[in-house]
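Numbering (the working numbering), first residue to last: 19 to 273. A virtual CB, placed ideally from N, CA and C, is assigned to each residue, including glycine. One structure below.
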Amino acid sequence: MRFDIITLFPELFAPFLASGVTRRAYSTGQVAVRLWNPRDYAQGNYRRVDDRPFGGGPGMVMMVEPLQACLDAIRADRAEDPAEQVPLVLFSPIGKKLDHPSVEQWAQSPGAILLCGRYEGIDQRFIDTHVNAQISLGDFVLSGGEIAAMALLDAVTRLQPGVLNDEGSHQLDSFNPSLNGLLDCPHYTRPEVWQGQEVPAVLISGHHAHIERWRRDQSLEITARNRPDLLAQAREGGHLTRKDEAVLAKIADGL
């Protein structure tokens, strides 16, 4: 798996690629990440990559020519068959919102070229010609696409085999199919009592069936209180049992 990142600020990625549990995947090349600066492909003494927008208005727009030269260099370096080229992804407010199912799809892919926009945006002609997919983190605007690129990289990399210390760890994450798309339950560790607050007794009972039922009930309650839309999706998908529904009925009485 390889991701090529087009960014005017490659230095932002250095601490990200060298920190946390995912760093092993990057350092070993299990997930290869290569950084490309369009400024290196710009013409003139000033290596200009942006200019004022036609029609006037505030801000600057990333120019098409440095981006084209940069993309050409990436495609050549990847030595791809034209029929099997990886997609070029732009992080944009109009993009599809990133969620767990789409992360799982990217995790099974050979990678992509990630385009991090800056300023007011990118010359639309480059987008129309080359961009295959657009992704958004949510209904807000960032200064550039770098944070969004890191979010996608992290989410995809942690799903790769051997990246997490516990192979089954991500299977109990919020939104995961093993939880029927629901939110995760609360977690506790030592000490058993902190500032008068005790760990729920069931978690130290040693009764695994009761522990699993408690975790399921907590997941249902947290989802019902915070993301009822996820609960509705689980119900429509036939993922809720009679016991689940009985628990939810009691929760509804208390809401």
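In the DSSP assignment, what are the bridge partners of Leu132?
Ile23 and Val107
Who are the near neighbours of Val217 in its chain, counting only those whose CB is closer than 7 Å to its CB and skipping five residues on each side?
Tyr206 and Glu210
Just confirm the distance between the C-beta atoms of Ala91 and Tyr59, as a whole number of angstroms; I'd bet it's less than 8 Å.
7 Å
Quick check on Leu116: does DSSP put it in helix, strand or coil?
coil
Length of the line joining the Cα atoms of Gly256 and Leu170:
29 Å
Exposed or buried, which one is Gly129 when buried takes at least 16 other CB atoms within 10 Å?
buried
What runs of the beta strand (DSSP E), each 3 residues or longer, lie entirely inside the segment 139–194?
151–154
Inter-residue Cα distance where the pair is Pro84 and Trp124:
27 Å
Contact between the segment 196–203 and the segment 237–253 (3+ Cβ pairs under 8 Å):
yes
Starting from Arg52, trace the beta strand (DSSP E) in both directions and tell me its first and last residue.
Ala50 to Trp54
Judging by CA-CA distance, which residue of Arg176, Ala50 and Phe109 is the nearest neighbour of Asp157?
Phe109
Give me the residue from Ala173, Gly180 and Gln213 with the minimum Cα distance to Asn194.
Ala173
How is the alpha helix (DSSP H) around Leu238 delimited, first residue to last?
His226 to Asn244
Measure from the alpha carbon of Asp141 to the alpha carbon of each residue in Glu164, Val67, His118 and Val159, then state which is nearest.
Val67
Would you call the segment 141–151 and the segment 97–114 touching, i.e. three or more CB-CB distances under 8 Å?
yes
Helix, strand or coil at Gln251 [DSSP, three-state]
helix
Does DSSP put Glu122 in a helix, in a strand, or in coil?
helix
At what residues does the alpha helix (DSSP H) containing Arg93 begin and finish?
Val82 to Arg96
Please list the terminal residues of the continuous alpha helix (DSSP H) segment that includes Tyr44.
Arg41 to Thr46
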